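Residue numbers for the sequence shown follow full-length UniProt numbering, beginning at 1 and rising by one.
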Amino acid sequence: MSQTLTHTDSIEQEEQDRKKSQKKQKSRRPANTAFRQQRLKAWQPILTPKTVLPIFFAVGIIFAPIGGLLLWASAGVQELIIDYTDCSTAESEFSQIPDDKVSASFSSSNSTARPQWKRVEESRRPPYSAVNVSDTSVCTLQFSIPNDINPPVYMYYRLTNFYQNHRRYVSSLDTSQLRGSALDNDTIDGSACNPLKLAHNGKAIYPCGLIANSIFNDTLWSPILTTESGGDGPSEYRMTNESIAWGSDSQLYKRTDYQPENIWPPPNWERRYPDGYTRDGPGQIPDLSTYEEFHVWMRTAGLPTFSKLALRNDNDVLRAGIYQMEIYDYFPTSEYGGTKSILLSTRTVLGGKNSFLGIAYVVVAGICVVVGVVFTLAHLIKPRRLGDHTYLSWNNADLPPSTATTTGRDTRPGTQGA
1 MSQTLTHTDS IEQEEQDRKK SQKKQKSRRP ANTAFRQQRL KAWQPILTPK TVLPIFFAVG
61 IIFAPIGGLL LWASAGVQEL IIDYTDCSTA ESEFSQIPDD KVSASFSSSN STARPQWKRV
121 EESRRPPYSA VNVSDTSVCT LQFSIPNDIN PPVYMYYRLT NFYQNHRRYV SSLDTSQLRG
181 SALDNDTIDG SACNPLKLAH NGKAIYPCGL IANSIFNDTL WSPILTTESG GDGPSEYRMT
241 NESIAWGSDS QLYKRTDYQP ENIWPPPNWE RRYPDGYTRD GPGQIPDLST YEEFHVWMRT
301 AGLPTFSKLA LRNDNDVLRA GIYQMEIYDY FPTSEYGGTK SILLSTRTVL GGKNSFLGIA
361 YVVVAGICVV VGVVFTLAHL IKPRRLGDHT YLSWNNADLP PSTATTTGRD TRPGTQGA
């Protein structure tokens, strides 16, 4: 009987020892490796005048010519910017545009005629519209090009104070719908297109969302050369809206599988489609796969002031002379306190006109050179020996006498405090 108890006790003891060994194995201590124990080899350079001063001068010498090249490239861009926000208040005859609404930069220094504008209301039919719009505000701009401009020539529209980067705005779209899927009303109602999901008649909005609804709908027509320097009569400088979008963006949009009777245009599109979409005629559902203006607009901008490409000409020279250009003025900007402009521009290998990057490089180069010169003079006039202990704080100031006092807490047992 005693042997049985002894055997049982030994088994229990072994089980307890095994559990204790398992607990020891579950230690949270990191493995004893150089990486886990933070014993990796490291190099901590000592900053001395001989190593720091050449770096300052090297940065200045490198950044200065880079900044100069960037400024030179930016200066080579020719452009004309006309803010036509207030064209809606212009007269029916040409009048001068205020100077603060015009900015020009051309390679020629020849004086040019002051830009002018006029406005009339007529019945016009803009592209992608099913009907003529009777109250179309036609803004006509007249401007002068002082010298020939070689292709490519680009026409942009520029908006200010328009926050396409707002979180609610950026997410207000449905990618499946844009790829051509005919989503039912329940799916659209549960999508991210809030608040423009379903129309007043219960039909799904196509394309849904805030981005599509607010597309820039001013129509920019190609400029017409009215008087060429030593040339003939009026001629159109034909610009196209093809190849204005990124190829990667165009792949995101497909022809829809919707039927016209099942969908309705966004609220801001109803002027173009007053009776909704139709199967035939100009009221057909727009083919988003070829609607490049839509592709450009759907690529939201990160800043409230931005420019988007509208037209381009990659082959013909823009001759010097006086041009007229019509704009169908639909896009409202006064509601949100913004402005809209046209931007006629060329480009270089570094892009359009933007002197900020070049100025930044030159400023950094100048600061580095100035700091390097100051530190060099300080090192030559009053050098400091590396590791000089005389500069330590406790070697340069007399310590005040100690004012420490004892308290009852420091009193030893059996003694009385002071």
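Note that CB positions come from ideal geometry on N, CA and C, so glycine has one too. Here the structure is a predicted model, which means the values were calculated and not measured.
Legend entry - Closest residue to TYR330 among SER88, VAL77, LEU47 (Cα-Cα distance): For the residues SER88, VAL77, LEU47, the minimum Cα distance to TYR330 belongs to SER88.
Inset, instruction - Would you decide whether ASP174 is buried or exposed? Buried here means 16 or more other CB atoms lie within 10 Å of its CB. - result: buried
Legend entry - For CYS193, the three-state DSSP class (helix, strand or coil): Coil at CYS193, not helix or strand.
Legend entry - When THR187, GLN324, TRP269, ARG179 are compared against ILE342, the one with the closest alpha-carbon: GLN324
Inset, instruction - Would you identify the three-state DSSP class for residue 420, choosing helix, strand or coil? - result: Past the boundaries of the shown model lies residue 420; the chain is included only from 1 to 418, so the question cannot be answered.
Inset, instruction - Just the C-alpha distance for GLU12 and ARG28, rounded to the nearest angstrom, thanks. - result: 27 angstroms
Inset, instruction - Could you have a look at ASP298 and say whether DSSP puts it in helix, strand or coil? - result: One point to set straight first is that residue 298 is Met, not Asp, in the sequence displayed. Of the three classes helix, strand and coil, the one that applies to MET298 here is helix, per DSSP.
Legend entry - Exposed unless 16 or more other CB atoms sit within 10 angstroms - verdict on HIS295: buried
Inset, instruction - May I have a chain-ordered list of the alpha helix (DSSP H) segments no shorter than 4 residues that lie completely inside the stretch 357 to 382? - result: none
Inset, instruction - Would you check if there are 3 or more beta carbon pairs closer than 8 angstroms linking the stretch 253 to 264 to the stretch 275 to 293? - result: Contact between the stretch 253 to 264 and the stretch 275 to 293 is present, because at least three Cβ pairs lie under 8 angstroms.
Legend entry - Own chain residues within Cβ distance below 6 angstroms of MET1, not counting five before or after: Unreliable positioning characterises MET1 in this predicted model, as indicated by a pLDDT of 47, which lies under 50. A coordinate reading is not provided.
Inset, instruction - Mind reading off the beta-carbon distance from GLY338 to THR219? Whole number of angstroms is fine, and I expect it under 8 angstroms. - result: Going by Cβ atoms, the distance from GLY338 to THR219 rounds to 19 angstroms, so no, they are not a contact pair.
Legend entry - Element boundaries [beta strand (DSSP E), containing PHE306]: 306 to 313
Inset, instruction - Give me the Cα-Cα distance between GLN284 and PHE356, rounded to the nearest whole angstrom. - result: 45 angstroms
Inset, instruction - Using the Cα positions of THR346 and LEU318, report the straight-line distance between them to the nearest angstrom. - result: 11 angstroms
Legend entry - Own chain partners of SER181 with C-beta closer than 7 angstroms, once the 5 adjacent residues on each side are dropped: Excluding residues within five positions, the ones whose Cβ falls inside 7 angstroms are ASP257.
Legend entry - For GLU14, three-class secondary structure by DSSP: helix
Legend entry - Where the alpha helix (DSSP H) containing ALA64 begins and where it ends: 49 to 75
Legend entry - Cβ pair PRO49, HIS389 closer than 8 angstroms: no
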